[in-house]
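J.: In mature numbering (1 follows the signal peptide of the UniProt record, and there is no 0), the protein residues as written are -18 to -1, 1 to 299.
See below:
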């Protein structure tokens, strides 16, 4: 699916997908989801064994009142569209990596509480490898791994359709809670049926930064306008767009978008606190005109998220 962002004018051809594989070549992919899922990470250092193992298998401790933290608060207070993020401004933005000796970035995600990362279903469907998530590591070439957790359970939405890329969301349960203190905090979830149409969203990730390129060492961000689903159906996607999706991008000119490597990452909107409007899902190429980025609309999945994260602690919103 999608992966990369800010692509100023870059259009990544679907037919070029094979050169971005991070594992041995696979059979030709037939769905949009499969075509966007494979990314080569040439710059990550060897994974360090910093994962915490305490608490596995134990009963979840009771959350403190309001968890003594607030979601959606950035560590700096400015928007820089199309620039690398020079501090841990969006601490909830997660890397999803696989591989023991040479860990490879393959998707992004968002920490939504102290125990779960929300990502795209197409990122993890059929996966048999150990997945780890990394937080607070904006520079992937750094020897400081930030916060690292292994994923102990993957929960894919039961109605995920990889042909139509509908309900493209999944939850990753971490082996131990992430301490929500200091500069670490989750993103806020939106309210039910929250409408972000006409708002400006920010998409962040470590995906490809130019056509035929490699993943970025630094977390990148770009601002994109969110359009209505009706507007999105007038683009190349037509009736592929359904109510559980959300579109964002410059329809006429293109030039700003997510791309390979950014799949599963956050589309956030600043409404006093940053709220998670979408999960990077798919698109025709990257940053092309008449083909905005398509995201899973998070407000449509709140009941499912809450039902499957009852053992986690949320921050106050």
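Backbone N, C-alpha and C fix where the C-beta goes; we use that ideal spot for every residue, glycine too.
Cα separation between residue 206 and residue 230?
T.: Whole-angstrom Cα-Cα distance: 6 Å.
J.: Only counting the same chain, and skipping five residues up and downstream in sequence, which positions put a Cβ closer than 8 Å to that of residue 289?
T.: Correct list: empty, nothing qualifies.
J.: Taking the alpha carbon of residue 114 as the point to measure from, which residue in 72, 256 and 158 has its own alpha carbon closest?
T.: When each option's Cα is compared against that of residue 114, the closest is 158.
J.: Identify which residue in 222, 171, 255 and 88 has its Cα closest to the Cα of residue 145.
T.: Taking only the C-alpha atoms, the option nearest residue 145 is 222.
J.: Sorted by chain position, which residues of the same chain lie with C-beta nearer than 8 Å to residue 143's C-beta, five sequence neighbours on each side aside?
T.: The residues are 149.
J.: Ordered along the chain, which non-local residues of its own chain (more than five positions away) have a Cβ less than 8 Å from that of residue 255?
T.: Here the set comprises 52, 53, 54, 55, 170 and 299.
J.: Could you tell me the distance, in whole angstroms, from the CA atom of residue 217 to the CA atom of residue 70?
T.: When rounded, the distance between both Cα atoms is 35 Å.
J.: Span of the alpha helix (DSSP H) holding residue 289?
T.: Looking at the DSSP string, the run of the alpha helix (DSSP H) that includes residue 289 is 284 to 290.
J.: Taking the alpha carbon of residue 183 as the reference point, which residue from 253, 83, 109 and 78 has its own alpha carbon closest?
T.: For the residues 253, 83, 109 and 78, the minimum Cα distance to residue 183 belongs to 253.
J.: Is it the case that the region 74 to 83 contacts the region 103 to 119, given that we only count it when at least three CB pairs across the two stretches are under 8 Å?
T.: Short answer: they touch.
J.: Could you round the C-beta distance between residue 90 and residue 100 to whole angstroms and report it? I think they count as a contact, below 8 Å.
T.: In fact, because the Cβ distance is near 10 Å, the residues do not count as touching under 8 Å.
J.: Following the continuous beta strand (DSSP E) through residue 89, name the residue where it begins and the one where it ends.
T.: First-last of the beta strand (DSSP E) with residue 89: 86 to 93.
J.: Assuming residue 105 is part of the alpha helix (DSSP H), what are its boundary residues?
T.: Residues 103 to 106.
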